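Enquirer: Got a structure for you, questions after.
Residue numbers (our numbering): 645 to 1239.
Now the structure itself:
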């Protein structure tokens, strides 16, 4: 009996249209092509396209003179109704029934090279796998209409990153900081879930970033249930082994502990993602051993610094990404050839044509346990005190409590612990690795002094009100000219106006100012005329604290003013007024007696 190959091609809901776009999500069957052949498919399912002459007449399938089957990955797009509907294409083909349509003419009608296809890998021989990628529309078209809704349109380089990740079981996305590695990974995960290729995912990240991952997942993949593995041992055991939540999120410390103690079980994951992959660059560490021991099908790693000190860093990361591919004694000159198929990296300069001049990211962080204990105690005592004051409470009383709480969000007054400092140290590794420079802003000098001691490896410079005015220009000159001076620590009062630091690419707001206009002035020290690269701004916000409440109020007011005045300016009144300051603690200001 001659075998039959039945290729069901998804073409949308309208069966009458001969040409329409395949659906990445549903793969509905509208058009069936049955091909008879005397060729027998190999047992491994490899399809030799030369065995099917009919495929040679289909313009979007191309047989290449190679030993392995390949599918042409040119970007084919059927015109939109405005440009020419599919009926227009059909009518063009049927306009002269007595003549065969010129395949090249059809190509010119529907080809648009700017789109991004998910390409099958070179070593992907299984026909069912290659067919999946053949049937997919360009990535850009998945985001149009009802298929997948995203909060913002990804940049073109991010779409290419998504197309890179989706077909790969082993991948390292090594874009420089600020280019949106998290977004690319989340959208890829979402699309793979929707196409049925994933059922469960484990994401591992540093503890301070757990809340940020949670927020980003909610924003970019709201249809995916997410569970954060936390709590006591019994609660974590249930999360690991009983819960069937499709996406699980855990920090490195808990993963390491639970693997060593057997709490994490022997579960298998369709995909495991590790953020800040430099955490496993030391192969002998308990963290690296725990991460690599998790059973998984796909392994994706994220880091902006795949090589921090030695080429061994990359070798050890690949122990997770693709175990066994890179021998431990691999010389540096051989690394590229062994890893290039699984690595994608874009620099700020490469991505610049796609990007705006300034990108602002809010980074939400959990307080450390010591900070949380100090914060809750101070807040409870402060609210009790305000309630005792009653009508005699003034805005100054509330303001003093706010300032005390914000300072705890920076550093624990007793132990010096700081989730913000932990995150800043991780970010500064990437700043130094790319020979970039950064500005760190704070309201107070004390946290800047504490940061200076923790950032010694980056030769920090101080610039604040206590610095004599005659010394300040020398500090700025040193920051500009000294290649080893990677960071300058500034107070808002002295660093927000009158300075030109357009050679700086990164700005960190260690704490938030009361008025967004002051923050904008600070950011504009780097984002000025003459800046040739995108400026990346990170605003650190402690979750479930007064900082989060203040940020919500200020962002709402910023949006209101933007809507009213059409972005023509941000007046100083954008800061919090007396009533809004009282409302931070559900209090009301004392009623003023009319004269």
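Yeah, the Cβ is synthetic: ideal placement off N, Cα and C, and Gly gets one too. Just so it is clear, the structure is predicted and the values come from calculations on it, not from any experiment.
Sort 1182, 975, 1168, 1152 by Cα distance to residue 1144 and report the nearest one.
Expert: Residue mapping note: residue 1144 aligns to position 500 of the chain shown, counting from 1. Measuring from the Cα of residue 1144, the nearest candidate turns out to be 1168.
Enquirer: Residues in the same chain with beta-carbon distance under 6 Å from residue 1183, minus the five sequence neighbours each way, listed in chain order, please.
Expert: Within the chain shown, numbered from 1, the residue matching residue 1183 stands at position 539. 1006, 1153, listed in sequence order.
Enquirer: Suppose only complete runs of 3+ residues qualify. What are the beta strand (DSSP E) ranges in the region 819 to 850, listed by chain order?
Expert: 845 to 849
Enquirer: Answer yes if the region 928 to 946 comes into contact with the region 790 to 807, meaning at least three C-beta pairs across the two stretches below 8 Å, and no otherwise.
Expert: At 8 Å Cβ cutoff, the stretches do not touch.
Enquirer: Please give me, in chain order, every unbroken run of the beta strand (DSSP E) with length at least 3 that falls completely inside the region 959 to 1044.
Expert: 1002 to 1009
Enquirer: Using 10 angstroms around the beta-carbon of residue 932, count the other beta-carbons present and answer buried if the total reaches 16, otherwise exposed.
Expert: Along the chain shown, one-based indexing puts residue 932 at 288. Buried, by the Cβ-count rule.
Enquirer: Please classify residue 871: does DSSP put it in a helix, a strand, or coil?
Expert: Indexing the chain shown from 1 puts residue 871 at position 227. DSSP places residue 871 in strand when its eight states are reduced to three.
Enquirer: Using three-state DSSP, classify residue 915 as helix, strand or coil.
Expert: Sequence index remark: in the chain shown, residue 915 carries index 271 (1-based). When DSSP states are grouped into helix, strand and coil, residue 915 belongs to the strand group.
Enquirer: Go ahead and pull the three-state DSSP assignment for residue 1146.
Expert: Numbered from 1 along the chain shown, position 502 holds the residue referred to as residue 1146. Coil, per DSSP.
Enquirer: Could you check what DSSP says for residue 1082 in three-state terms: helix, strand or coil?
Expert: If you number the chain shown from 1, residue 1082 lands on position 438. Correct three-state label for residue 1082: strand.
Enquirer: Which residues share a DSSP beta bridge with residue 903?
Expert: Here residue 903 corresponds to residue number 259 of the chain shown, with the count starting at 1. In DSSP, residue 903 forms no bridge with anything.
Enquirer: Looking at C-beta atoms only, is the number of pairs between the region 812 to 819 and the region 956 to 975 that lie closer than 8 Å three or more?
Expert: yes
Enquirer: Give the straight-line distance between the Cα atoms of residue 855 and residue 991, rounded to the nearest whole angstrom.
Expert: Translated into positions along the chain shown, residue 855 becomes position 211. Translated into positions along the chain shown, residue 991 becomes position 347. Distance between the alpha carbons of residue 855 and residue 991: 26 Å.
Enquirer: What's the gap between the Cα of residue 1296 and the Cα of residue 939?
Expert: Residue coverage of the chain in this structure runs from 645 to 1239, which leaves residue 1296 outside it and unanswerable.
Enquirer: Roughly how many angstroms separate the alpha carbons of residue 971 and residue 1043, rounded to a whole number?
Expert: For the purposes of this step, residue 971 is taken as residue 327 along the chain shown, with counting starting at 1. For the purposes of this step, residue 1043 is taken as residue 399 along the chain shown, with counting starting at 1. Straight-line Cα distance between these residues: approximately 59 Å.
Enquirer: Measuring alpha carbon to alpha carbon, tell me which of 956, 1099, 955, 906 ends up nearest residue 937.
Expert: Within the chain shown, residue 937 is the residue found at index 293, counting from 1. For residue 937, the nearest C-alpha among the options comes from 906.
Enquirer: Strictly by DSSP, which residues pair up with residue 946?
Expert: Numbered from 1 along the chain shown, position 302 holds the residue referred to as residue 946. DSSP lists 817 as partners of residue 946.
Enquirer: Is it a yes or a no for the region 1011 to 1018 touching the region 1055 to 1062, going by three-plus beta-carbon pairs under 8 Å?
Expert: Yes: the two stretches touch, three or more of their Cβ pairs being nearer than 8 Å.
Enquirer: Between residue 1074 and the rest of its own chain, which residues show a CB-CB distance below 6 Å, the 5 nearest in sequence each way excluded?
Expert: Position 430 of the chain shown holds residue 1074. Around residue 1074: 821, 948, 949.
Enquirer: To the nearest whole angstrom, what separates the beta carbons of residue 1134 and residue 1085, a pair I think is in contact under 8 Å?
Expert: For the purposes of this step, residue 1134 is taken as the residue at position 490 of the chain shown. For the purposes of this step, residue 1085 is taken as the residue at position 441 of the chain shown. Residue 1134 to residue 1085, Cβ: 5 Å. Contact.
Enquirer: Does the beta-carbon of residue 866 have 16 or more other beta-carbons within 10 angstroms, so that it is buried, or is it exposed?
Expert: Here residue 866 refers to the residue found at position 222 when the chain shown is read from its first residue. That one is exposed.
Enquirer: Return yes when the Cβ of residue 922 is within less than 8 Å of the Cβ of residue 956, no when it is not.
Expert: Within the chain shown, residue 956 is the residue found at index 312, counting from 1. Within the chain shown, residue 922 is the residue found at index 278, counting from 1. In this structure, residue 922 does not lie closer than 8 Å to residue 956 by Cβ.
Enquirer: Would you mind sorting residue 828 into buried or exposed? The rule is 16 or more other CB atoms within 10 Å of its CB.
Expert: By 1-based counting over the chain shown, the position of residue 828 is 184. When all chains shown are included, residue 828 counts as buried.
Enquirer: With DSSP as the reference, identify every bridge partner of residue 801, one or two as the case may be.
Expert: Along the chain shown, one-based indexing puts residue 801 at 157. Answer is none; residue 801 lacks a bridge partner.
Enquirer: With burial defined as no fewer than 16 other Cβ atoms inside 10 Å of the residue's Cβ, what is the status of residue 897: buried or exposed?
Expert: Along the chain shown, read from residue 1 onward, the residue named residue 897 stands at position 253. Exposed, since its Cβ has fewer than 16 Cβ neighbours within 10 Å.
Enquirer: Under the DSSP definition of a beta bridge, which residues are partnered with residue 1183?
Expert: Along the chain shown, one-based indexing puts residue 1183 at 539. DSSP, once it has assigned bridges, lists 1006, 1153 as partnering residue 1183.
Enquirer: Opposite residue 892 in the DSSP bridges: which residues?
Expert: As a first step, residue 892 is located in the chain shown; it is residue number 248 there, counting from the start. Per DSSP, 846, 871.
Enquirer: Checking 8 Å against the spacing of the C-beta atoms, do residue 857 and residue 873 come in under that value?
Expert: Numbered from its first residue, the chain shown carries residue 857 at position 213. Numbered from its first residue, the chain shown carries residue 873 at position 229. No. Outside cutoff.
Enquirer: Which residues bound the beta strand (DSSP E) around residue 1133?
Expert: Locating residue 1133 in the chain shown gives position 489, where the first residue counts as 1. Per DSSP, residue 1133 belongs to the beta strand (DSSP E) from 1131 to 1135.
Enquirer: Which residues in the same chain as residue 908 place their Cβ atom closer than 6 Å to its Cβ, once the five residues preceding and following it in sequence are excluded?
Expert: The count along the chain shown starts at 1 and reaches residue 908 at position 264. The residues are 884, 902.
Enquirer: If you draw a straight line from the alpha carbon of residue 999 to that of residue 1178, how long is it in whole angstroms?
Expert: As a first step, residue 999 is located in the chain shown; it is residue number 355 there, counting from the start. As a first step, residue 1178 is located in the chain shown; it is residue number 534 there, counting from the start. Each residue's alpha carbon lies about 7 Å from the other.
Enquirer: Got a sec? Which residues, its chain only, sit under 6 Å from residue 1198 by beta carbon, not counting five neighbours each side?
Expert: To locate residue 1198, count along the chain shown from 1; it is residue 554. Cβ within range, chain order: 1160.
Enquirer: Starting from residue 1105, follow its DSSP beta bridges and name the residues at the other end.
Expert: Locating residue 1105 in the chain shown gives position 461, where the first residue counts as 1. In DSSP, residue 1105 forms a bridge with 1132.
Enquirer: Please list the terminal residues of the continuous alpha helix (DSSP H) segment that includes residue 1118.
Expert: In the chain shown, residue 1118 corresponds to position 474, counting from 1. It spans 1113 to 1125 - the alpha helix (DSSP H) in which residue 1118 sits, taken as one unbroken run.
Enquirer: Between residue 1010 and residue 850, is the Cβ-Cβ spacing less than 8 Å?
Expert: As a working note, residue 1010 is residue 366 in the chain shown. As a working note, residue 850 is residue 206 in the chain shown. No. Outside cutoff.
Enquirer: Roughly how many whole angstroms lie between the Cα atoms of residue 1101 and residue 843?
Expert: By one-based count along the chain shown, residue 1101 stands at place 457. By one-based count along the chain shown, residue 843 stands at place 199. Each residue's Cα considered, the two are about 43 Å apart.
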